[in-house]
Every structure is written in C-alpha cells, then in structure tokens.
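Novice: Residue numbers for the sequence shown, in mature numbering (1 follows the signal peptide of the UniProt record, and there is no 0): -24 to -1, 1 to 294.
Heads up, the beta-carbon is just placed ideally off N, CA and C, and yes, glycines get one too.
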Amino acid sequence: MMISRNIKVLFLALLILSLVGCSANKDEYVNVGTAGTGGAYYPIGIAISEILTKDLGVNSTAQVTGGAVENVTLVNKGATEIAITQSPMAYAGFNGTAPYESKNDNIATLFNGLSKGVFQLVVSESSGINSVADLKGKKVVLGPSGGGAINVITDILSVYNFSLADIQPTYVSYSEGVSMLSDNNVDAVIVQSAAPAAAIKELEASGKKFELISIEPEKINQLLEKFAYLDQITLPKDMYGTNQDIKTVYLTNMMIVKKDLDEDMVYKITKAIFENIEKVKESHPAAKGFSLEEAVTRTPIPLHPGAAKYFKEVGVLK
C-alpha cells in the first residue's frame, strides 16, 4: 500500500511539473514579422510560426507588417521577436543608413538564404542597351516603389558612376513593367525576384523579342567587395531562351532576430526551423531553394550566438 501511495504521489508530482513546464512555454512569445498577405513573406511566416508552436510549445503567430523595411525596426524595438527582411535592409538598418535615420543594432542574423532576389535587367531587342552603363537617360521600370530592391539598384548604378537621377524611372509592378516594354513605352525593366521570374516568362510567352543584360565581371567584383549582402549568380541561357548565360547578382531574403533574445531560445528556434525545412520550402515557391548550406553564406550582419551554436553543431559553420 505504501509503495502504491508513493507511486501515486510521484505521478502527481511529475504531472504538476509537466503542466508547469507547458504553462511556462505557452507564456513565451516568438512572433514572426512578415508583410502583407499577398506576397511570399506571409505564407512562409505562417509555416515558421506553426513549426515553433508545435515543436517548442510557444505562442507564435505570423504578424502582418509593412514588410522588409519596417520589420527591421519592429525587431529592433522588440515589437516582434523574429522577422523576414531583405539582406540590404538588415545591413542598412544595422548601420543606420538610408532608409533608416538611426542605427537599429538590436538585431542579428537568425539565418540567411531564405530566398533570392536576382537582379534581372530586361531590354527590348531594339533598345541599344548592352550594359547597365547604357541605362543613362533611358526610361526604366524599377518595380514597385520602396523596399530593398531600390537600394540594390542604387548600389549597382553606383559602380557605373551614376544614380537614379540619371535615368527616367517608373515605379509599377513587374507584370505592368514588361507589358510597357512589350508596347515600347519603356526601354528597360529591372526585375528583382526569384529566377525564373513569372513576369519575364510572360514576356517570353508573348513572342516579344527581348534580351537580358549581364553585369560585367569586374563590376560584379566591385559590388561583392563593396556590399556584403550581394552575391553572384549565373542564369543559364535556356532559362529564358536568351543567346547566352547571364551573369548578375542577387540579394537574399533572410530572417533576423532580436540580438538580446535568450541564446538557448534562439538555438531552439533555429534547430526547430531547420529540422522542419521541407515545411518552409513547401510554403511558397520563392522558398524552394532554401537550404542549410546557404543559411550562413554572406550574412550582412552578425549571426546571433544561439543560431551560430546550431550551425556549428550541424557542421555548416566553423
């Protein structure tokens, strides 16, 4: 009887401890800053929040936000614990450069390489444009206004020694932009998205003659030396039916985290996400190339120690 009673007491004690543990986890919040509901950030954020809720037992929701630019300030001030942003925005925010008025240095990299935004310069066959340098004075669609894409365009133009003031910019969607190019209303469209880009594939399907323009190797080298958040990529000629492979650069979409978030919690967050990487990749086509190997490649701001601990553990970081 005494043994039976002791077993019951032990069982009740363990039950209480487990309930207290669950309660403690459920009192923790790890919210995910995304963007509007119509883009890639939101469904990716939902997938990540579901992983964290299930695997860590925390309260996690995907928050609708203003997107890449705002997410840096939201994480910095603790309005959300982690968020998706663009590598140039993380870099600019951390260093306090435009579009930010001051340093947002309470942020760190959780992981890089969530998806790529490839710089793709599309011109009509008769435009006479053979280089980024030839965009001076031309009518150029830059995509929607705001966001990290404009910063990257500005940075690319800078190695050619001119700026947005030297072109005639138009800010519309990529789909509208290629339609304007097809109608000869603009000379070029700069598309920054995963490749192949739907808008360019639409242009290809229309039968309109167009070319993609490479960035010269020496200019790519300058860009990589000057801007930590850019990397190089080659688009094979069969991607869009161009005459040759296209050499260009890309930015990444990445996940940032509050720098002062507990190291053990960040380790657990990172581990949970990468142990469920297929769920993230399946959440949106933009994330299909997401991989453990690229998570630590050319990170624009320092890795959080908790994330670094996980990446060292799995052998992708020394």
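For my contact list, Asp238 and Val225 are in at a C-beta cut-off of 8 Å; report their separation, rounded to the angstrom.
Specialist: Here residue 238 refers to the residue found at position 262 of the sequence shown. Here residue 225 refers to the residue found at position 249 of the sequence shown. With a Cβ gap of about 36 Å, Asp238 and Val225 do not count as contacting.
Novice: Which residues mark the beginning and the end of the alpha helix (DSSP H) in which Val48 is found?
Specialist: Working through the sequence shown from its first residue, we reach residue 48 at position 72. Its alpha helix (DSSP H) spans residues Ala44 to Asn52.
Novice: Would you identify the three-state DSSP class for Gln198, choosing helix, strand or coil?
Specialist: On the sequence shown, residue 198 is found 222 positions in, with the first residue counted as 1. It is helical.
Novice: By DSSP's criteria, Phe87 is part of a beta bridge. Which residues make up the other side?
Specialist: Along the sequence shown, one-based indexing puts residue 87 at 111. Phe87 pairs with Met231.
Novice: Quick one: Cα of Thr228 to Cα of Gln39, how far?
Specialist: Counting from one through the sequence shown, the residue named residue 228 turns up at place 252. Counting from one through the sequence shown, the residue named residue 39 turns up at place 63. Distance between the alpha carbons of Thr228 and Gln39: 21 Å.
Novice: Check whether the segment 183 to 201 and the segment 256 to 264 are in contact - that is, three or more C-beta pairs closer than 8 Å.
Specialist: no
Novice: Taking the straight line between their C-alpha atoms, what separation do you get for Ala11 and Ala74?
Specialist: Translated into positions along the sequence shown, residue 11 becomes position 35. Translated into positions along the sequence shown, residue 74 becomes position 98. Cα to Cα, Ala11 sits roughly 20 Å from Ala74.
Novice: Which partner residues of Thr61 appear in the DSSP bridge assignment?
Specialist: Numbered from 1 along the sequence shown, position 85 holds the residue referred to as residue 61. Assignment of beta-bridge partners to Thr61 by DSSP yields Met230.
Novice: So, is Asp163 buried or exposed, given that buried needs 16 or more other C-beta atoms within 10 angstroms?
Specialist: Here residue 163 is taken as the residue at index 187 of the sequence shown, counted from 1. Answer is buried; the Cβ neighbour count reaches 16.
Novice: State the DSSP-derived secondary structure class of Lys115, mapped to helix, strand or coil.
Specialist: Locating residue 115 in the sequence shown gives position 139, counting from the first residue. In the structure shown, Lys115 sits in a strand (DSSP, three-state: E or B).
Novice: Identify, in the order they occur along the chain, each residue of the same chain with its Cβ nearer than 6 Å to the Cβ of Val8, setting aside the five sequence neighbours on each side.
Specialist: Mapped onto the sequence shown, residue 8 falls at position 32. Here the set comprises Gly21, Ile24, Ser25, Ala38 and Ile58.
Novice: Return the chain-ordered list of same chain residues with a C-beta closer than 8 Å to the C-beta of Asn161, the five sequence neighbours on each side being excluded.
Specialist: For the purposes of this step, residue 161 is taken as the residue at position 185 of the sequence shown. Lys115, listed in sequence order.
Novice: Going by the beta-carbon positions, is the gap between Ala109 and Ile232 smaller than 8 Å?
Specialist: Here residue 109 refers to the residue found at position 133 of the sequence shown. Here residue 232 refers to the residue found at position 256 of the sequence shown. Their beta carbons are not under 8 Å apart, which means Ala109 does not touch Ile232 by this criterion.
Novice: What is the DSSP secondary structure of Ile176, counted as helix, strand or coil?
Specialist: By one-based count along the sequence shown, residue 176 stands at place 200. The answer is helix: DSSP assigns Ile176 an H, G or I state.
Novice: Have a look at Pro172 and Glu4 and give me their C-alpha separation to the nearest angstrom.
Specialist: Residue numbering aside, residue 172 sits at position 196 when the sequence shown is read from its first letter. Residue numbering aside, residue 4 sits at position 28 when the sequence shown is read from its first letter. C-alpha separation (whole angstroms): 40 Å.
Novice: Contact between the segment 62 to 70 and the segment 119 to 135: three or more CB pairs below 8 Å?
Specialist: yes
Novice: Determine the direct distance from the alpha carbon of Tyr286 to that of Ser(-2), and round the result to whole angstroms.
Specialist: Your numbering for residue -2 matches position 23 in the sequence shown. Your numbering for residue 286 matches position 310 in the sequence shown. Note that Ser(-2) scores 39 on pLDDT, short of 50, meaning its location in the model is unreliable and no value can be drawn from it.
Novice: Could you check the C-alpha separation between Tyr18 and Val154 for me, to the nearest Å?
Specialist: Taking the first residue of the sequence shown as position 1, residue 18 is located at position 42. Taking the first residue of the sequence shown as position 1, residue 154 is located at position 178. Spanning the two alpha carbons is a distance of roughly 26 Å.
Novice: Do you know offhand how far Glu180's Cα is from Lys288's?
Specialist: As a first step, residue 180 must be located in the sequence shown, where it is residue number 204. As a first step, residue 288 must be located in the sequence shown, where it is residue number 312. Near 44 Å, if we compare the C-alpha coordinates of Lys288 and Glu180.
Novice: Starting from the Cα of Asp214, find the closest Cα among Met230, Leu188 and Gly33 and give me that residue.
Specialist: Here residue 214 is taken as the residue at index 238 of the sequence shown, counted from 1. If we check each option's Cα against that of Asp214, Leu188 comes out closest.
Novice: Applying the 10 Å Cβ sphere with the 16-neighbour rule, what's the burial state of Tyr147?
Specialist: Counting from one through the sequence shown, the residue named residue 147 turns up at place 171. By the neighbour-count rule (16 or more Cβ atoms within 10 Å), Tyr147 is not buried but exposed.
Novice: Say whether chain D places a C-beta atom closer than 8 Å to the C-beta of Lys114.
Specialist: Structure shown: chain D not included; a single protein chain is present.
Novice: Alpha carbon to alpha carbon, how far is Lys234 from Ile105?
Specialist: The count along the sequence shown starts at 1 and reaches residue 234 at position 258. The count along the sequence shown starts at 1 and reaches residue 105 at position 129. Using only the alpha carbons, I get a separation of about 44 Å.
Novice: Quick one: give me the first and last residue of the alpha helix (DSSP H) that Ile245 is part of.
Specialist: Within the sequence shown, residue 245 is the residue found at index 269, counting from 1. From DSSP, the alpha helix (DSSP H) with Ile245 extends over Glu239 to Glu251.
Novice: Could you give the C-beta distance for Gly69 and Asn88, rounded to a whole number, given that I count them as a contact under 8 Å?
Specialist: Position 93 of the sequence shown, counted from the first residue, corresponds to residue 69. Position 112 of the sequence shown, counted from the first residue, corresponds to residue 88. With 8 Å as the limit, Gly69 and Asn88 do not qualify as a contact, their Cβ atoms being about 15 Å apart.
Novice: Given a cut-off of 8 Å on the beta-carbon distance, is the pair Val290 and Leu268 in contact?
Specialist: For this step, residue 290 is matched to residue 314 along the sequence shown. For this step, residue 268 is matched to residue 292 along the sequence shown. Their beta carbons are under 8 Å apart, which means Val290 touches Leu268 by this criterion.
Novice: Note down, in chain order, each residue of its chain lying with its Cβ closer than 6 Å to the Cβ of Gly(-4), except the 5 sequence neighbours on either side.
Specialist: For the purposes of this step, residue -4 is taken as residue 21 along the sequence shown, with counting starting at 1. Per-residue confidence for Gly(-4) stands at a pLDDT of 47, beneath the threshold of 50, marking its modelled position as unreliable; the derived number appears in the next sentence. So the list is empty, once near-sequence residues are dropped.
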